[in-house]
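Taking it in order: structure first as structure tokens, then the write-up.
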Amino acid sequence: MNPHKLLSSWLWLIAGLSLIWSCNSDEIYAERQNISGDFWPYGQSIDFDFEVKDTVPLYDLRLNVTYDQSNYHFENLYCKVKTSFPDGTLIEDLISFEMQTPSALENTVCRGNSCTLPIFLQENIAFNQVGKYKLSFEQFGRVDSLGGVEALALSVVRK
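The opening position of the sequence shown corresponds to residue 595 in our numbering, with each subsequent residue numbered one higher.
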């Protein structure tokens, strides 16, 4: 076989497989919100807006908390989490994310002082409404301006 045809065939195969894999992603939403400045002020909301188009599959909600380990001095990150549903329903929860437990530290990835802790917010959940959802996070700690938290990233993954 002609070497140019063989190379061309391989390139087309690789391009086709790449297209299939990229179109077959199970992640329906991913966004990172950086916290501006050195502090996360009390009352400042970090919002994630996403759309669910299919209520049949189950989903995972994953949160990555990126923080500066030299500037974050607490064992937990307390957050007020508000969930807005397409029909206008609003649910509010207070959640404590454990940042310094052995299992949290085992899963944390650090580069220098910047560390990222992956957290499963919810696993195997079913969305019962098609439409736009909103998750809002506010720090709910003991200090008005929380230092050390650099960013939150949310992903919604179809199972």
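Note that beta-carbon positions come from the ideal geometry of N, C-alpha and C, so glycine has one too.
Please read these numbers as outputs of a predicted model, since none were measured by experiment.
State yes or no: is the C-beta of residue i within less than 8 Å of the C-beta of residue j?
i, j, result
"Q716", "L652", "no"
"F731", "L746", "yes"
"Y672", "S690", "yes"
"K585", "D641", "A query on residue 585 cannot be resolved here, the shown segment of the chain reaching from 595 to 753 and no further."
"E669", "E692", "yes"
Would you kindly work out how many angstroms separate the C-alpha atoms of residue i and residue j, rounded to a whole number?
i, j, result
"Q723", "E625", "21 Å"
"F721", "K674", "21 Å"
"E744", "G637", "16 Å"
"R736", "G706", "27 Å"
"D764", "S639", "Summary: the structure shown does not reach residue 764, with the chain confined to residues 595 through 753, and so no result is reported for it."
"F644", "Y623", "6 Å"
"I719", "N628", "26 Å"
"G631", "E621", "30 Å"
"H667", "G682", "37 Å"
"N665", "V650", "43 Å"
"S678", "L657", "17 Å"
"E686", "P680", "15 Å"
"D648", "S708", "36 Å"
So residue i packs on residue j, CB below 8 Å; how close in whole Å?
i, j, result
"G725", "V646", "7 Å"
"T710", "V703", "5 Å"
"W800", "S739", "This structure cannot speak to residue 800, because the chain is shown only from 595 to 753."
"V659", "I713", "6 Å"
"K676", "L688", "Not really, about 11 Å apart at Cβ, beyond 8 Å."
With which residues is residue i paired in a DSSP beta bridge?
i, result
"V751", "E621, D654"
"E686", "K676"
"D641", "S730"
"N670", "E692"
"T660", "T710, A745"
"N628", "A745"
Unbroken stretches of the alpha helix (DSSP H), 4 residues or longer, contained in the stretch 685-745: Counting whole runs of 4 or more residues, the stretch 685-745 contains the alpha helix (DSSP H) stretches 696-701.
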